[in-house]
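End of the sequence shown sits at 281 in the numbering used here; the numbers just go up one at a time, nothing left out.
To keep things clear, I will list the structure first and then write my remarks on it.
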Amino acid sequence: MNTPAKRQFDLLGVPFDGESTLGWPGSRFAPARVRESAKWINMRIQDGKVYCLETDTFMEVGEHLLVDRGDVAVIPHDTQKTFAATSAAVKDSITAGRVPIVIGGDDSLLFPVARGVCEALPGRIGIIHFDAHLDLMDESAKQGRFSQSSGMRRSLELEQIAAEDCIQVCERHFNFPASGKFKHDNDLIHLSAREVLRLGPQATVERILERVKGADHLFLSFDIDAIDPAFAPGAGAHEPGGISSAEALEMVELLAPHCAAMAITEVNPTTDVGDMTSTLAAYLAFSFAVYGSQR
Ligand SMILES: [Mn+2]
């Protein structure tokens, strides 16, 4: 008999890039490519176990560690209906006692995933937001209020989400002074990519967990552009100076046991090279599930 994993995971695709109003659209193609890439990894489960090379142990994950629930009902011209479907899918997964892993889609999806987590779980919800960007734009004439640049701002308006329970990680270069002022006024903090590179994965995760310790539940939101374009060229924009794929994987593995949901956004097959970014996204999802199942 196989011992089932302590937690099981749902893969939910959201092929929506209707709010990619800056940078390159194309993340709507990510769920299909990430699923294809994931076949390479998922086949390694045998008799409910994977053999982990980092720990040289046989990890019990069960036969149904990561179940593909298909794509949510995206309505390409209607952001709010797409968001409603996304929040509902996340809520349903958590309510069923599972852990959703959302594959976007552009980073506007940060908000409906956070909302779905709030609808499913009581108490304070913290967001660990990996991204090259702040996503704190309140509103602009070009992008409106719900674009890929506003996901964190909208999420912070949810009743259960307070800035003190959130941290942004891997932001870099320059951003809007208005967003910087919002951060300072609201006690939102970040660890820049350079700081993360200096600290290393383990110390970074310690800092993150210290920051969010007051939250009852955590949502890990991972924009693929947190990772350097050298490792993840298939993104919505290129921001040099990011972390490596190895550093990203290690931090996701360390954070996974603490998190109730994950989203991977902005993977863009149209700018990818040999599916390397879709493959990395598949590994981030699978690693989140394997390590997250051991809690
Ligand atoms: Mn970004």
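Ideal Cβ placement from N, Cα and C applies to all residues, glycine included.
Check                                                                                                                                                                                 : Outcome
Between the alpha carbons of M138 and A216, how many angstroms are there, rounded?                                                                                                    : 26 Å
Of all the options M262, D93 and T263, which has the alpha carbon lying nearest to the alpha carbon of G9?                                                                            : D93
Which residue marks the beginning of the beta strand (DSSP E) containing E46, and which one marks its end?                                                                            : T43 to E46
DSSP puts G112 in a beta bridge; with which residues?                                                                                                                                 : L204
Does the distance from the C-beta atom of V155 to that of F97 stay below 7 Å?                                                                                                         : no
Output needed for V20: all residues of its chain with C-beta closer than 6 Å, excluding positions within five of it in sequence on either side, in chain order.                       : I89, S264, A267 and A268
Count the other CB atoms within 10 Å of the CB of M(-13); is the residue buried (16 or more) or exposed (fewer)?                                                                      : In this prediction, M(-13) scores a pLDDT of 45, lower than 50, which makes its location untrustworthy; the coordinate-derived value is nonetheless stated afterwards. Result: exposed.
Any heavy atom of ligand 1 within a distance shorter than 6 Å of the CB on D258?                                                                                                      : no
What would DSSP say about G283, mapped onto helix, strand or coil?                                                                                                                    : Nothing can be reported for residue 283: it is not among the residues displayed for the chain, which extend from -13 to 281.
With DSSP run on the structure shown, which of helix, strand or coil describes E5?                                                                                                    : coil
To the nearest angstrom, how far is the alpha carbon of A70 from that of K169?                                                                                                        : 27 Å
Just how far apart, CA to CA, sit D151 and I175?                                                                                                                                      : 10 Å
Distance, Cα to Cα, L185 vs I229?                                                                                                                                                     : 11 Å
What do you get for E125, buried or exposed, if any count of 16 or more other CB atoms within 10 angstroms of its CB means buried?                                                    : exposed
Does DSSP put A247 in a helix, a strand or coil?                                                                                                                                      : strand
Using the Cα positions of T256 and H224, report the straight-line distance between them to the nearest angstrom.                                                                      : 13 Å
Please work out which residues of its chain come closer than 6 Å, Cβ to Cβ, to A106, disregarding the five sequence neighbours upstream and downstream, and give them in chain order. : K77, I80 and T81
Compute every distance between the C-beta of D92 and the non-hydrogen atoms of ligand 1, then say whether any falls below 6 Å.                                                        : no
Are there 16 or more other CB atoms within 10 angstroms of the CB of R(-7), so buried, or fewer, so exposed?                                                                          : buried
Taking the alpha carbon of G200 as the reference point, which residue from T68, H244 and V238 has its own alpha carbon closest?                                                       : H244
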